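See structure below.
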Amino acid sequence: MELIRGIRNIKARHYGCALSIGNFDGVHQGHQQVIKRLVEQARQRALPAVVMIFEPQPLEVFAKDKAPARISRFRDKYQQLKSLGVDRLLVVRFSHEFAQQSADYFVRQLLVELLGIKYLAVGDDFHFGKGREGNFASLQAAKKQYGFELTATDSFCLNQQRVSSTILRQHLADADFSSVAQLLGRKFSFNGKVIHGQKLGRQLGFATANLKVARHVCPLHGVFAVKAYVQHQPEHRFSGIANIGWRPTAAGKDLLVEAHLFEFDANLYGQRLVVEPQLKIRDEQKFDSLDALKAQVNLDIKRAKAYYGLAE
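Residue numbers for the sequence shown follow UniProt numbering, so the first one is 1 and each next one is one higher.
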């Protein structure tokens with residue numbers, strides 16, 4: 001899948017496509033249905049299937065730290081879209097300046113003149129342009145003017161429940177990982193390169209593999225029983241616990257996943273690790289001393305091992 005970073009990198013060869021626009025956060029089963037339909041329609045018309053997303057996501061610009069937590073990182077989103085057969089991913093930089101463009105300019109300049117869209121699929125609640133003046137009705141008018149096909153993407157329901165990123169975030173907040181897996185069509189996970197940390201876990205007797213959470217807001221916080229494996233080696237899975245958060249006892253400044261894996265002592269620095277939360281053990285909290293933290297971690301490990309049926 002070709003990655004186009006920014007409008008300035010749209011070339012003449014990119015003209016003519018079937019396009020869908022959205023955040024596609026999590027690439028859940030609803031998103032998957034939209035993308036499969038896009039790819040199918042693109043193939044029927046002998047066109048490349050293109051997905052347009054915005055970075056940062058619009059609410060992250062307007063609401064900043066109050067924006068909804070991201071379900072997936074950009075890298076994960078890229079991989080999921082690629083696996084669904086998308087030919088090109090266009091990443092448009094979103095800013096206050098970009099948001100000031102008129103709806104007509106967005107359609108005429110970007111969609112028609114630069115991308116040459118022949119087929120467009122968006123939600124019927126899609127808004128765009130300055131003050132969100134553009135909507136599906138605007139696109140229906142533009143469709144007649146510029147001659148492209150337009151379709152609304154229907155909401156996808158699973159067990160009579162609408163699948164959405166908002167509902168996914170709620171299930172994550174509730175640590176309902178079974179429902180999350182159903183809506184995603186796969187297990188929720190953190191995937192990242194193992195980095196050096198403060199080595200506090202090693203000092204306490206619990207060596208950890210640390211992943212930096214490159215998200216504005218994380219959908220999970222607390223201590224969890226987890227399964228983890230080195231990417232591309234999913235057959236070798238290890239049980240463990242992980243703290244997901246800011247490490248208040250250590251005055252942490254970065255949002256991290258700190259995973260302590262049972263019966264594992266290899267060097268993971270620089271490798272990509274996949275961490276799948278299975279059960280929430282407790283909320284993250286600040287302790288008065290490192291001894292108090294160590295005592296609690298021992299209790300967390302005991303509970304996680306009991307969950308996995310492992311001997312003490």
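Virtual Cβ for every residue (Gly too), placed ideally from N, Cα, C.
Model, not experiment: these values are computed from the prediction.
Would you call the CB atoms of Gly16 and Gly116 closer than 8 Å? yes
Neighbourhood of Lys118 by C-beta distance below 8 Å, restricted to the same chain and skipping five residues each side: Gly16, Cys17, Ala18, Arg45, Leu47, Phe148 and Glu149
If you compare alpha carbons, which of Arg162, Leu310, Arg108 and Leu110 is closest to Gln33? Arg162
Can you tell me the Cα-Cα spacing of Asn159 and Ala12, whole angstroms? 44 Å
Relative to the alpha-carbon of Val107, which residue among Glu235, Leu90, Ala141 and Phe74 has its alpha-carbon at the smallest distance? Ala141
Flag this pair as yes or no: are the beta carbons of Ala121 and Arg37 separated by less than 8 Å? yes
Boundaries (first-last residue) of the alpha helix (DSSP H) holding Phe136: Phe136 to Tyr146
Quick one: complete beta strand (DSSP E) runs, 3+ long, within the segment 63-118? 88-93
Near Ser155, what residues of its chain come up, given a Cβ to Cβ distance below 6 Å and the 5 sequence neighbours on each side ignored? Arg162
Inter-residue spacing [alpha-carbon to alpha-carbon] between Lys294 and Tyr307: 20 Å
What are the boundary residues of the beta strand (DSSP E) that Gly30 is part of? Not the beta strand (DSSP E): Gly30 falls in the alpha helix (DSSP H), residues Gln29 to Gln44.
Under a Cβ-count criterion, where at least 16 other Cβ atoms within 10 Å of its own Cβ denotes burial, should Lys286 be classed as buried or exposed? exposed
With a Cβ-Cβ cutoff of 8 Å, do Leu3 and Met52 count as a contact? no
Do you know offhand how far Phe264's Cα is from Phe238's? 8 Å
Can you tell which of Ala69, Glu113 and Gly185 has the C-alpha that lies nearest to the C-alpha of Lys27? The sequence as given places Val at residue 27; Lys does not occur at that position. Ranking the options by Cα distance to Val27, first place goes to Gly185.
Enclosing alpha helix (DSSP H) for Arg186 [first to last residue]: First-last for Arg186: undefined, no H or E at that position.
Tell me where the beta strand (DSSP E) around Thr153 begins and ends. Neither: Thr153 is in no beta strand (DSSP E) and is coded neither H nor E.
If the criterion is Cβ atoms closer than 8 Å, does the pair Ile244 and Gly270 meet it? no
Cys157 - partner residues in DSSP beta bridges: Arg162
What is the rounded straight-line gap between the Cα of Ile301 and the Cα of Ala63? 38 Å
Could you give the first and the last residue of the continuous alpha helix (DSSP H) run that contains Leu255? Per DSSP, Leu255 belongs to no alpha helix (DSSP H) and is neither H nor E.
Could you give the distance in angstroms between the alpha-carbon of Ser179 and the alpha-carbon of Val297? 28 Å
Between Leu268 and Ala209, is the Cβ-Cβ spacing less than 8 Å? yes
Using three-state DSSP, classify Pro56 as helix, strand or coil. coil
On the DSSP letters alone, give me the boundaries of the beta strand (DSSP E) that residue 314 sits inside. In the structure displayed, the chain extends from 1 to 312; residue 314 sits before or after that span and is not available.
Continuous beta strand (DSSP E) stretch holding Arg5: start and end: Glu2 to Arg5
Where His232 falls, given that 16 or more other Cβ within 10 Å makes a residue buried: exposed
Thinking C-beta only, is Ala49 closer than 8 Å to Asp25? no
Rounded Cβ spacing between Ile35 and Leu168 (contact assumed at less than 8 Å): About 16 Å; that fails the 8 Å criterion.
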